[in-house]
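Worksheet for the structure shown next.
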Amino acid sequence: MIDFANLEVWFVTGSQHLYGPETLKKVAGHAETIARGLGKSSEIPVKVVCKSVMTGSESILQLCLEANNSKNCIGLITWMHTFSPARMWIAGLRVLVKPLVHLHTQFNERLPWSTIDMDFMNLNQSAHGDREFGFITARMRLKRKIIVGYWKDETVHAELGCWIRAACAWHDAQRLKIARFGDNMRNVAVTEGNKVSAEIKLCYSVSGYGVGDLVSRVDRVKDAEIKKLVSEYEDTFTVAKQLRAGGKRHQSLREAARIELGLRRFLEETDSDAFTDTFEDLHGLSQLPGIAVQRLMAEGYGFAAEGDWKTAALVRAMKVMSHGLKGGVSFMEDYTYQLSGGGQVLGAHMLEVCPSIAAGKPSVEIHPLSIGGKDDPVRLVFTAAAGRAVNASIVDTGNRFRLIVNKVKLIKPEHQLPKLPVARALWIPEPNLKVAATTWISAGGAHHTALACGLTFEHLENFAEIAGFECLLTDRDTTLSSFAKELRWNDLYYHLASGI
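One rule links them: number in this note's numbering = place in the sequence shown (from 1) + 377.
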């Protein structure tokens with residue numbers, strides 16, 4: 378359900394007519410060569426489209442308008458091969474709404490010391506032209522990413538690919554619909570927020586539905602569909618004996634399959650790529666959706682529990698960013714601590730952890746759920762794979778959205794967990810539990826998070842920059858005093874920026 382096949386990033390080169398047609402022809406040839414080279418990089422997940430060389434304000438304005446209206450263009454890569462007077466970029470940049478990255482490079486890596494002349498200097502003056510372009514983007518206070526380096530370097534490809542993935546997530550958010558079954562968990566503060574502000578600022582929409590709307594789809598599922606999906610469960614996972622055909626709890630597995638099929642149908646009919654539910658509103662459902670939510674997340678749907686639409690949107694965005702990368706993304710919750718030895722966090726939820734982060738084949742199990750007042754729900758049980766990850770939370774502070782990120786190290790538990798009936802992840806937060814928990818709580822970070830094993834902080838930072846919300850990081854270099862100062866400075870900045 379996440380597909381980059383038709384997505385494009387436009388490679389836009391600036392110059393001017395001052396240099397004559399022969400120079401412009403060389404500029405166009407160099408631009409096409411760079412665009413092809415970037416497009417062949419394994420780090421670049423979308424098609425790189427080389428556009429005509431921009432030499433005047435009318436063509437630049439037209440290009441930016443076309444980019445805005447293109448359903449496939451996720452952003453622009455700009456590069457000034459020669460000197461491109463910046464005033465002619467104003468009209469276009471003023472209307473541009475697509476993300477912008479400024480690639481500061483040049484066609485040649487080395488100077489031809491023995492033959493260099495003024496013709497070479499006039500043609501290869503990105504050092505000159507990109508500074509002119511940089512001034513106007515700074516003067517207009519545009520949100521943009523700046524990447525510096527030789528266009529063939531793997532580090533440049535990696536940095537550009539990282540930004541493109543964030544731009545893809547932003548492109549997805551422009552049409553994202555989040556279905557919310559029931560309301561927010563009663564009396565909980567952090568999972569609430571301003572949906573109108575979110576749609577204005579972040580573009581995605583949140584629509585509430587009664588659980589009865591879902592139940593009507595669940596009730597229409599046919600037995601043949603259930604039988605087929607149950608067979609898929611048995612082929613894909615290790616299914617507990619009591620849930621298999623002939624087992625005393627087999628009917629519970631069939632009901633879980635029925636819920637998945639109905640939920641899938643509802644999301645498809647409403648064109649929703651993310652959703653929430655709550656155990657406090659299950660009227661008409663036999664059990665809280667467990668395996669259904671987990672499998673839908675594994676396919677790319679965003680999800681969060683208890684009506685937490687902001688985290689559902691974040692999970693979806695991180696799913697898009699990580700498309701095609703190793704390592705999964707899951708809805709998560711900091712659940713309980715190991716306080717000795719520097720501290721560890723055991724993350725889990727009642728049911729809904731995505732199997733994309735699993736270390737091995739998950740098992741399908743059924744266990745009691747002490748809250749919700751419904752039948753025992755079926756769920757996938759597993760432990761997350763070890764490795765580096767980022768754990769992120771998004772909150773509404775009232776005047777802005779804030780993304781809080783902690784770098785973590787997922788580890789294999791030293792002990793067996795025979796009585797823990799849910800999927801889980803164990804991690805060591807950077808720089809340690811004391812600092813990580815203090816900064817998280819200081820920033821108002823939620824208990825619900827999105828855990829990503831294939832993304833880095835740079836992906837999330839790029840996304841936050843494109844979206845225009847605050848981004849805070851806790852890593853091995855973070856100190857409590859520096860973080861406290863950053864919070865105070867940011868409060869002042871966003872207070873003043875709202876009036877600029």
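Think of the CB as a built atom: it goes at the ideal place given N, C-alpha and C, for glycine as much as any other residue.
Next on the checklist: Could you check whether the stretch 479-490 touches the stretch 793-808, counting it as contact only if at least three pairs of C-beta atoms, one from each stretch, sit closer than 8 Å?
Outcome noted: no
Next on the checklist: Please report the straight-line C-alpha distance between histidine 700 and cysteine 830, rounded to a whole angstrom.
Outcome noted: 12 Å
Checklist entry - Taking just the CA atoms, how far does alanine 543 sit from glutamate 863? => result 24 Å
Next on the checklist: Per DSSP, what are the beta-bridge partners of aspartate 658 in this structure?
Outcome noted: Beta-bridge pairing links aspartate 658 to no other residue.
Checklist entry - Looking only at C-alpha atoms, which of Leu787, Asn383 and Asp753 sits nearest to valine 706? => result Leu787
Item to check | Distance between beta carbons of histidine 458 and histidine 407, contact taken as under 8 Å | outcome: 6 Å
Item to check | alanine 766 to phenylalanine 460 span [Cα, whole Å] | outcome: 42 Å
Item to check | Per DSSP, the bridge partner or partners of serine 582 | outcome: Lys554
Item to check | Sequence ranges, alpha helix (DSSP H) only - wholly within the stretch 667-745, length at least 4 | outcome: 668-676 and 686-698
Checklist entry - Contact check, phenylalanine 388 vs isoleucine 493 under 8 Å by CB: the rounded distance? => result With a Cβ gap of about 26 Å, phenylalanine 388 and isoleucine 493 do not count as contacting.
Checklist entry - Since glycine 720 contacts leucine 810 with CB under 8 Å, what's their CB separation in whole angstroms? => result 2 Å
Item to check | Backbone CA spacing between threonine 816 and alanine 861 [nearest angstrom] | outcome: 8 Å
Item to check | Cut-off 7 Å between Cβ atoms - residues of its own chain near aspartate 648, not counting five sequence neighbours on either side | outcome: Lys554
Next on the checklist: Between which two residues does the beta strand (DSSP E) holding aspartate 773 run?
Outcome noted: 764-773
Next on the checklist: Going by beta-carbon coordinates alone, are glutamate 637 and leucine 606 separated by less than 8 Å?
Outcome noted: yes
Item to check | Secondary structure of arginine 626, DSSP reduced to three states | outcome: coil
Checklist entry - Which partner residues does glycine 385 have in the DSSP bridge list? => result Checking the sequence, you will find glutamate at residue 385 rather than glycine. Per DSSP, Lys424 and Cys450.
Item to check | Pair within 8 Å by beta-carbon distance, valine 423 and valine 474 | outcome: no
Next on the checklist: Our contact map puts isoleucine 338 next to leucine 849 with C-beta atoms below 8 Å; I'd like the distance itself, whole angstroms only.
Outcome noted: No information on residue 338 is available, as it lies outside the stretch 378 to 877 that the chain covers here.
Next on the checklist: Contact defined as beta carbons within less than 8 Å: I believe threonine 851 pairs with methionine 709. What is the distance between those atoms, to the nearest angstrom?
Outcome noted: Rounded, the Cβ-Cβ distance is 16 Å, inconsistent with contact.
Checklist entry - What are the boundary residues of the beta strand (DSSP E) that includes threonine 826? => result 825-829
Next on the checklist: Can you tell me whether serine 875 is buried or exposed? The criterion is at least 16 other CB atoms within 10 Å of its CB, across all chains shown.
Outcome noted: exposed
Item to check | Environment of asparagine 445 [buried if 16+ CB atoms lie within 10 Å] | outcome: exposed
Next on the checklist: One question on the structure: do proline 798 and valine 758 come within less than 8 Å of each other, judged by their Cβ atoms?
Outcome noted: yes
Checklist entry - Do tyrosine 871 and asparagine 776 come within 8 Å of each other at the CB atom, strictly closer than that value? => result yes
Next on the checklist: Relative to the C-alpha of lysine 703, which candidate in Met727, Gln715, Ser733 and Lys687 has its C-alpha closest?
Outcome noted: Ser733
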